[in-house]
Structure formats: structure tokens, C-alpha cells
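Chains as they are written, first to last, in the numbering used here: chain A, 1 to 342; chain E, 1001 to 1342.
There are 2 protein chains.
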Amino acid sequence: MAGLDLKRLGELGLIEAVRRRAQSSRAAGAWLKGIGDDAAVLRPRAGCDLVVTSDALIEDVHFRWRTTDAGSLGRKALAVNLSDVAAMGARPLGFLLAWGLPEDARPEAVEGVLGGLLAQARAAGCPLVGGDTVRAPAWMLTVTAFGEVARGRALLRSGAKPGDRVLVSGDIGGSALGLAALESGAAARPGLAPFVRRHLRPAPPWRSGPLLARARFVHAAIDLSDGLLRDLGHVAEESGVRLRLDVERLPLARGLRARAAELGLDPLGLALAGGEDYELALCVAARAPGVNELARRFQCRLTEIGVVERGRGVVCQRADVSFEPASYPFEHFKPVYDRSEK
Amino acid sequence: MAGLDLKRLGELGLIEAVRRRAQSSRAAGAWLKGIGDDAAVLRPRAGCDLVVTSDALIEDVHFRWRTTDAGSLGRKALAVNLSDVAAMGARPLGFLLAWGLPEDARPEAVEGVLGGLLAQARAAGCPLVGGDTVRAPAWMLTVTAFGEVARGRALLRSGAKPGDRVLVSGDIGGSALGLAALESGAAARPGLAPFVRRHLRPAPPWRSGPLLARARFVHAAIDLSDGLLRDLGHVAEESGVRLRLDVERLPLARGLRARAAELGLDPLGLALAGGEDYELALCVAARAPGVNELARRFQCRLTEIGVVERGRGVVCQRADVSFEPASYPFEHFKPVYDRSEK
Chain A
1 MAGLDLKRLG ELGLIEAVRR RAQSSRAAGA WLKGIGDDAA VLRPRAGCDL
51 VVTSDALIED VHFRWRTTDA GSLGRKALAV NLSDVAAMGA RPLGFLLAWG
101 LPEDARPEAV EGVLGGLLAQ ARAAGCPLVG GDTVRAPAWM LTVTAFGEVA
151 RGRALLRSGA KPGDRVLVSG DIGGSALGLA ALESGAAARP GLAPFVRRHL
201 RPAPPWRSGP LLARARFVHA AIDLSDGLLR DLGHVAEESG VRLRLDVERL
251 PLARGLRARA AELGLDPLGL ALAGGEDYEL ALCVAARAPG VNELARRFQC
301 RLTEIGVVER GRGVVCQRAD VSFEPASYPF EHFKPVYDRS EK
Chain E
1001 MAGLDLKRLG ELGLIEAVRR RAQSSRAAGA WLKGIGDDAA VLRPRAGCDL
1051 VVTSDALIED VHFRWRTTDA GSLGRKALAV NLSDVAAMGA RPLGFLLAWG
1101 LPEDARPEAV EGVLGGLLAQ ARAAGCPLVG GDTVRAPAWM LTVTAFGEVA
1151 RGRALLRSGA KPGDRVLVSG DIGGSALGLA ALESGAAARP GLAPFVRRHL
1201 RPAPPWRSGP LLARARFVHA AIDLSDGLLR DLGHVAEESG VRLRLDVERL
1251 PLARGLRARA AELGLDPLGL ALAGGEDYEL ALCVAARAPG VNELARRFQC
1301 RLTEIGVVER GRGVVCQRAD VSFEPASYPF EHFKPVYDRS EK
């Protein structure tokens, strides 16, 4: 891989190189104009609403070059946005990339990040349509993603109702363990590679988004980025309800208990407060089909983890003890200014 | 002004404070959901296309705290995006803010930037609808702006035709002089304040965007951000034409010649290559009304500065000498990786 050398290419040369590479990820139809004008032009489909979301990844805050490869980083920068798009019940349409690069950015890193972004873009049918290329003191990757959803069918955090069942896709806690392994220098220990990979290359169930929006019995959705408790706390707050979780039913990532114990970490803490799972949490009507039927319909693994009640906040239940998560002893996961400070 | 103290508020507290302040700038109608979900939800108007654009401002690359106030910076972060929206012929609809703040960001700076952004948002009817708040090693403000334009009427860089007349709005060169004054420590000298202000608080003619899109005789448009020559070079390239500019007709900012001379700068250099004018350049059909009638119709000052010919690139003409801008001796404006390195 030759790399993209900023000093040789200059800003315009880099933009031109991006434009050439992005051609292959161009969508037909929806975008009348992609890279190469003052703005991209989208023709919305009749009968659809649009969802728009921005997420930024910052060097040494959200990632470290010492522990990630450029391709994974590029994939992740788009994936975390696809996760938000899916949580709205939307189909990805395209994205803008505003990236800041240090003057001495390694050409292989620039090429690798772009390659990862465009590979994820092709996989999701979500073309790069524009953005901004600037110099910055550290790497910053701000992706703005667009999605479409049938008119009035966007899934909000505010739709949960008492009596609803709470579901979560895939498994949780693994990304936080992977991060802990990376940060503590233990990533090379046996059995930790899948968790590290999970952290560096999240694979949100973005295909499930539009399937969720079709089902009238899905009342609310959110993506799990900041940790299950905090994210479900948003659903509780916005819906004006309480969520009661059975912590014994949480779908912990496979091998999480054993590997977490080896690092001296509480697996339940990782699952409840760890963050960066990029799974979906749903509140569905009591009358909705069983979890296996829903998993088939939404094309993702699903686990039922709790119920929606009248009240406020999120409470956890284990056997017949219920407790407020605020009192749960994960001081190393105490809410901090930025989630990546964990 | 009490300020927004990150250490006291935390990330969620800051987001909540932003959400409260943004209420007053919320648009009715178009946005079904603003701040407070995984994504914002836009209902596109029937018969309209959407334009989307991202521009980032980075500390010590695009601005310095030593020379800007927080309110101006906030205004500028949105204004530079409104400029792109207008250049597409679109009306602003709303924006996302992905901002990175150092841990020790001054509360007054956070409050001031947000205040400036929201003041500009109210003025332009362009509400803040979402984004991302992250920690970063330096300030970064990435704004993604949305606009709407009648179906098929977006103004592209690629529509210029031989025979068209080239127009520019407002005046040019002033922002570059203001930047030079700030960077050389001469900003306090008599007569330089208007140029400094022009640099710190650009006022793009965003109201003109939708008026341009209505006129069938406007063939191409671009906003002037990187310098007249470079920006018109994009029009020439995308349209497959040559632009011939009469440099004696350029609308230099008032007082530019005298003040530039005092700083040892070439006023024509500032106007041709200076950048950050945030004016509009247009290519209109030869048969279009005269420049005064166009100025009235588009509600902005306009000057005719050249013509479109068959050929490639941009050529400048002064009296009966024409020259290639590449050979024009502005070595201090030599194209560099990032425009703010000038």
C-alpha cells in the first residue's frame, strides 16, 4: 500500500485521491451530487423521513495509535454512526467525513483509515458524499451519517410504555473488556483477542434498523454506546418510565466472566456500565411475538432482559434483591466527562 | 455570564445545558426530533432536494484564542457552513454540532461559543438539532449544515458555460488582510479593525442562496473560502471551461489598498488568493439582466469581474496583459496543505 502522503499531495491532492477512491462506494439514485461541490445533494424518497447524526473519534480520547490499526479505526468511525442510524429504525444513505490530520500523519495511516471507512461504506451501502479535510494537532474523525425511514416511523427513545418488554441485541460487556485489556497492556494474554477485536471493530446490527421500524410493536430503541445503564437511563428519562432489568439475564459476551476475573474486573460491571457495545436495546409491546420470532424477523440475536414499569430511572434485579445502579460499586466506571476516559 | 463548567456539568450536564439553550432556536415543522435521541429526524418538504455540508474549525489551525473572542468563533463556525448552503442555492434548515473541548476549557469560552452559534442560528432560522460532545486535545468545532432547494435547482460548480458572465458578491480581500494583521500583531493599528472584524465574523450572504436558485440564468455558483483564484479554479475544472478575470474590476474591500500597503502586502494578492471572504461567485448567462438588476433581485452587492470562455483554468487580465495566476508572485500564499497555514 503506497499510502497517501499529505506533504506530497497537499489538501487538494488528498481530496482528489479521496474522491477517486470513493467513486466505487457511490450510491445510485439518492445522491444527485457527492464529493466535489460546496455541498452534497440528496433527493429524499417520497414518503420517507431522514435521520442525521454526527459522532467524532479523537486521538488519545477515543483511540490510541499504539493499540489500533488504521483500517479498524476507519471502519469504526463509520460503524458507530451506523449504530445510531439503525437505532432510529433507518436505512443508511450516505455520510460526510470531516477529518483532521496532523501535518506529519503517516501516509499508511491516512490510506488505511480511508480504506477502512470505504470498506465499511460499501458493506453498508452508505457512500462517502463529502466533508472537510483539515490540519489538526491530533487525529479527529467526525462522521455525519444520513438514513431514511418510512414517514413517521423513526424509533425514538421516548416511546417506551409501562408493560413493554426490554430486549438487547447480540452480547454486551466484551468491548469494555477489550478496552481494559488494551489499556492495561494485557491484550496479548490468551483468550483476550476476541474482546480486543470487538472493541476495535464493532459490528452494529445496522441491517436490523429498517426491520425494527416496520414493526408497530417496537415502541422505543437506542444504541448501546455509553453503557447499558446510562443508555437505558436515557430511554427511562425520555419516556417517563422506569426500566427494571434482570441482571442474571444479561447476554454477557462469551468467555467474559472468566477473562474479566483474570484481569480483576467485575463482568457485570463491564456489561452494565462498560460502553461501546454498539448493540441495540428495544422496548417492545407485551403482545409482541416471542424473542426467537423477533430475532428471526429482525435478523439479529436478541435477549429479553427486563420490563418497563411506571416510575423513573433504571433498577436492577438479581434473584429477589433489587438495587439502584447508582449504588452499584463500579467506581472505576464512575461517569466522567468523556466516556473514553474510562 | 456564568459560563458552562465542564468539570462541574460533565458530558451529560453540558448536553442538557445545550439542549435547553437550543430550544429557542428550534424550527417548527421540518424537524420532528432535535437534540435528545440517537439522531435528529427531518421531514423533507415535497418537491425539495436537500444539501448537506460539513466544515471544521480547529484551534491554532483555523483560529487562535489569543486573537478571537468566543462569541465570534461560535458565529463563524456556523457562518462558514451557511456560506456553503447558500452557494448551492439552498435555504438553511438546521445543523449538527460535533465539538471537541479540552478538559480545561474555560467555562466562559464554552458558553460564549455556544451563544455565538445559537445567535447565528436564530438569525438564519437554522436550529441546532443534535451532534456530539467529546473531549479533545484542542478545540474543534465541526458543523454539519442542512439546506433545502427546489427539486433539481441546486447550483453546482459544474454548470458554467462559455459566454457566461462571472460575478462576485460583496467585496474581497478584507478577511485575508484582517488575518495578516492578527498574525503579525498589527491588529490594533488605526484602520485595521474592520478587516479584523471581517476575518473573525464573516457574514456570508446566505439570504441570497434561495433567490439565486430561482433564476434559471444562474448556471454555477461557489462560495469564496479558499481564495478567489482557487475557488474559481474549481468552477473552471468542474465545468470544463476557462474563466477570464479582469483584475481591475475586482471589488476590493474598502481601504484595502492603503492598509495593505502599510503592512507591506499586495492588495491584489489578498483579493485573488487570500481566502475566507465567504462571498459568492456566480456564472450567469450572457442574456441575464444587468448587474444592478441582479443585485436588487438577489439582495446582495454584485460586481461583474470576468467572462467564461472555452479552455481550461483561470486567467487574469490587467489592461492588455493577461497572465496565468500560477506565475503570480504571492509566495506567501503558495498553496499549502491547509489554508490557515497562510
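Just so it is clear, CB atoms sit at the ideal spot from N, CA and C, and this is done for glycine as well.
Please read all numbers here as calculations on a predicted model, not as lab measurements.
Below-8 angstroms beta-carbon distance, residue i vs any chain A residue
i          : result
E:Asp-1132 : yes
E:Arg-1019 : no
E:Glu-1309 : no
E:Pro-1102 : no
E:Asp-1223 : yes
E:Ala-1273 : no
E:Asp-1005 : no
E:Leu-1232 : no
E:Pro-1205 : no
E:Tyr-1328 : For E:Tyr-1328, the predicted structure reports a pLDDT of 41, less than 50, and the residue's modelled location is therefore unreliable. The matter cannot be settled from this model.
E:Pro-1137 : yes
Rounded separation between residue i and residue j - CA only
i          : j          : result
E:Glu-1183 : A:Ile-35   : 32 angstroms
A:Ala-109  : A:Trp-139  : 10 angstroms
E:Val-1307 : E:Leu-1177 : 27 angstroms
E:Glu-1103 : A:Pro-204  : 29 angstroms
E:Glu-1309 : A:Asp-5    : 35 angstroms
A:Cys-316  : A:Val-80   : 27 angstroms
A:Cys-126  : E:Gly-1130 : 21 angstroms
A:Val-52   : A:Leu-294  : 27 angstroms
E:Val-1085 : A:Leu-141  : 22 angstroms
A:His-62   : E:Phe-1063 : 24 angstroms
E:Glu-1059 : E:Pro-1137 : 10 angstroms
A:Gly-3    : A:Arg-249  : 47 angstroms
A:Asp-69   : E:Leu-1282 : 44 angstroms
E:Leu-1228 : E:Ala-1124 : 25 angstroms
A:Pro-210  : A:Ser-83   : 12 angstroms
A:Leu-280  : A:Thr-144  : 19 angstroms
A:Leu-57   : A:Leu-73   : 9 angstroms
Local Cβ density within 10 Å of residue i, reported as buried at 16 or more and exposed below that
i          : result
A:Ala-87   : buried
A:Asp-38   : buried
E:Asp-1226 : buried
A:Arg-216  : exposed
A:Pro-289  : exposed
E:Ala-1258 : exposed
E:Lys-1007 : exposed
E:Ala-1193 : exposed
Test item: CB-CB of residue i and residue j under 8 angstroms
i          : j          : result
A:Ala-220  : A:Ser-239  : yes
E:Ala-1261 : E:Gly-1163 : no
A:Asp-55   : E:Asp-1132 : yes
E:Ala-1188 : E:Leu-1263 : no
E:Pro-1267 : E:Thr-1303 : no
E:Ser-1169 : E:Gly-1274 : no
A:Tyr-278  : A:Asp-223  : yes
E:Leu-1155 : E:Gly-1233 : no
A:Val-149  : A:Ala-46   : no
E:Val-1134 : E:Gly-1100 : yes
A:Leu-270  : A:Leu-256  : yes
A:Asp-171  : A:Arg-254  : yes
A:Phe-146  : A:Gly-185  : no
E:Arg-1312 : E:Ala-1236 : yes
Integer-rounded CB distance, given that residue j should sit under 8 angstroms from residue i
i          : j          : result
E:Arg-1201 : E:Arg-1075 : 6 angstroms
A:Gln-299  : A:Arg-207  : 6 angstroms
A:Leu-78   : A:Leu-117  : 5 angstroms
E:Val-1291 : E:Leu-1167 : 7 angstroms
E:Arg-1151 : E:Asp-1049 : 6 angstroms
Closer than 8 angstroms to chain E by CB, residue i
i         : result
A:Lys-161 : no
A:Pro-44  : yes
A:Ser-54  : yes
A:Glu-279 : no
A:Val-166 : no
A:Leu-50  : yes
A:Phe-146 : yes
A:Thr-142 : yes
A:Lys-33  : yes
A:Gly-209 : no
A:Gly-313 : no
Check: residue i C-beta below 7 angstroms from any heavy atom of the ligand GTP
i          : result
E:Val-1051 : The ligand GTP is not part of this structure, which contains no ligands at all.
C-beta neighbour in chain D for residue i, strict 8 angstroms
i          : result
E:Glu-1238 : Considering every chain present, this structure includes no chain D. Its protein chains are A and E.
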